[in-house]
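Residue numbers (our numbering): 274 to 410.
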């Protein structure tokens, strides 16, 4: 996706960095540095919370993803998950991103598809992850 578009890029990625190991689930991040969120911060804009999986694009159309600081991360507004509010990031519930963080490694491949698009490969991958216990059944 174009820089400055605030859209979530699509395609194939890898996890380039993991930030937040050992931090409390309710911690916020400013420029990837953990900070204790204030009540004012929590009521305001969407925060990067809990854990950060920093993505790096593997295709021409998303090669700038790392430089755009596109993450998979927790949020202070879990009720808004699924709504565009993240400047291109993928937001998850804080407990769920903490669990995912512990199950993946730097280099893990990620595919971001358009909403409601599930390939047969994704179905197979989900079945395999469920079988290995990485996803709930």
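Where a beta carbon is used, it is the ideal one built from N, C-alpha and C, also for glycine. Treat the numbers as computed from the prediction; the structure is a model and nothing was measured.
Option in the options with minimal Cα separation from residue i
| i | options | result |
| --- | --- | --- |
| residue 295 | 307, 335, 286 and 287 | 307 |
| residue 412 | 366, 330 and 280 | Because the chain in this structure spans residues 274 to 410, residue 412 falls outside the shown range and cannot be described. |
| residue 370 | 363, 293 and 347 | 347 |
| residue 383 | 316, 305, 335 and 317 | 335 |
| residue 378 | 280, 284 and 290 | 290 |
| residue 297 | 376, 368 and 333 | 368 |
| residue 372 | 293, 284 and 280 | 293 |
| residue 223 | 387, 358 and 345 | Nothing in the structure corresponds to residue 223, since the chain is present only between 274 and 410. |
| residue 303 | 342, 321, 343 and 356 | 321 |
Beta-carbon separation (whole angstroms), residue i vs residue j, contact threshold 8 Å
| i | j | result |
| --- | --- | --- |
| residue 326 | residue 288 | 5 Å |
| residue 349 | residue 319 | 7 Å |
| residue 380 | residue 282 | With 8 Å as the limit, residue 380 and residue 282 do not qualify as a contact, their Cβ atoms being about 18 Å apart. |
| residue 385 | residue 286 | 7 Å |
| residue 339 | residue 331 | Rounded, the Cβ-Cβ distance is 10 Å, inconsistent with contact. |
| residue 374 | residue 305 | Actually they are not in contact, since the Cβ atoms of residue 374 and residue 305 sit about 14 Å apart, beyond 8 Å. |
Bridge partner(s) assigned by DSSP for residue i
| i | result |
| --- | --- |
| residue 321 | 302 |
| residue 382 | 287 |
| residue 342 | Answer is none; residue 342 lacks a bridge partner. |
| residue 364 | 346 |
| residue 330 | 286 |
| residue 292 | 325 |
| residue 308 | 301 |
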